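Q:
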Amino acid sequence: TASLDAVGNTTKALTKGFAVGSAAVAASSLFATYFETTGLSSINIANPNVFIGVLLGGSIPFLFSSRLVTSVGKAAFKVVEEVRRQFREIPGIMERTALPDYSKAIEIVTAAAQKELLIPAAIVVFSPVLASVLGAEALGGFLGGTVVVGLMLAFFMCNTGGAWDNAKKYIEDGNFGGKGSDTHKAAVVGDTVGDPLKDTSGPALNPMMKIVQIVALLIAPAVITIFGI
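Counting along the sequence shown from 1, when you hit position 52 you're at 52 in the working numbering, and nothing is skipped either side.
#1: Would you check if the distance between the CB atom of residue 134 and the CB atom of residue 17 is smaller than 7 Å?
#2: Assess, as a yes-or-no matter, whether the region 28-37 is touched by the region 205-218 under the definition of 3 or more beta carbon pairs within less than 8 Å.
#3: In this structure, how does DSSP classify residue 152 when only helix, strand and coil are distinguished?
#4: Tell me which residue opens and which closes the alpha helix (DSSP H) that residue 107 is part of.
#5: Taking buried to mean at least 16 other C-beta atoms within 10 Å of its own C-beta, is residue 80 buried or exposed?
#6: Which residues in the same chain as residue 187 place their Cβ atom closer than 7 Å to its Cβ, once the five residues preceding and following it in sequence are excluded?
#7: State the start and end residues of the unbroken alpha helix (DSSP H) segment that holds residue 95.
#8: In chain order, what residues of the same chain lie with their CB nearer than 8 Å to the CB of residue 45, ignoring the 5 residues before and after it?
#9: Decide if the region 110-125 is in contact with the region 86-100; the criterion is three or more beta carbon pairs, one per stretch, under 8 Å apart.
#10: Quick one: give me the first and last residue of the alpha helix (DSSP H) that residue 205 is part of.
#11: Report all residues from its chain with a CB closer than 7 Å to the CB of residue 108; omit the five preceding and five following residues, and keep chain order.
#12: Apart from the five residues on each side of it in sequence, which residues of its chain come closer than 8 Å, Cβ to Cβ, to residue 90?
#13: Does the beta-carbon of residue 124 have 16 or more other beta-carbons within 10 angstroms, so that it is buried, or is it exposed?
#14: One question on the structure: do residue 192 and residue 68 come within less than 7 Å of each other, judged by their Cβ atoms?
#15: Measuring alpha carbon to alpha carbon, tell me which residue in 4, 227, 6, 88 is nearest residue 132.
Set out below in structure tokens:
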């Protein structure tokens, strides 16, 4: 079982890398389409508006990821509180004479997932609209910053989260002191942080990069008309 788990983790880590790469190709294609739609042939990074757009675009993946990691923590704490409540109020769970209320925990997780998605979704949809105030060229810089930083951050999160997760499993196999050692305790902390990185924030950056580009394409004609190049 352990060997199969190791193979599964390796395969999962590799496929996430391919997923990030495919998202980068799609986002780059949409980026080129934006230039065709607006008629821009290049963007001047020395233009203050463009430079500000690049900085704003580079900050969006970090803001988006931080909201997702925070959301995972909030949902986890709600589940922990529900589990503790059931242990207090439902007799016989520890003795295995009564079953926990599994549906309640699932309900909490589902509601938390839907509620916590609102702010990250709003960030992705409205950030290009706000950046468009600086003009079409600045919006192009915004898109470029989002793609470059989002790509690097997605690779970082997927690889780092997977490394921390597998480090804990490697220690649990008896290496570096095994279970219960100080090394294992540190690895558990790393795994706790790494799981939302590799399973939530990292993969979520893939559609984020594409949605930002799509929103920019949709508003591009209006941006040129209202704010100009």
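Virtual Cβ for every residue (Gly too), placed ideally from N, Cα, C.
The structure displayed is predicted, hence computed values, not measured ones.
A: Let's see:
#1: no
#2: Yes, the region 205-218 is in contact with the region 28-37.
#3: helix
#4: 102-116
#5: Classification for residue 80: exposed.
#6: 167, 168, 171
#7: Run containing residue 95: none; DSSP gives neither H nor E here.
#8: 51, 54, 141
#9: no
#10: 202-226
#11: 78, 79, 82
#12: 98, 100, 101
#13: buried
#14: Going by C-beta atoms, residue 192 is not nearer than 7 Å to residue 68.
#15: If we check each option's Cα against that of residue 132, 227 comes out closest.
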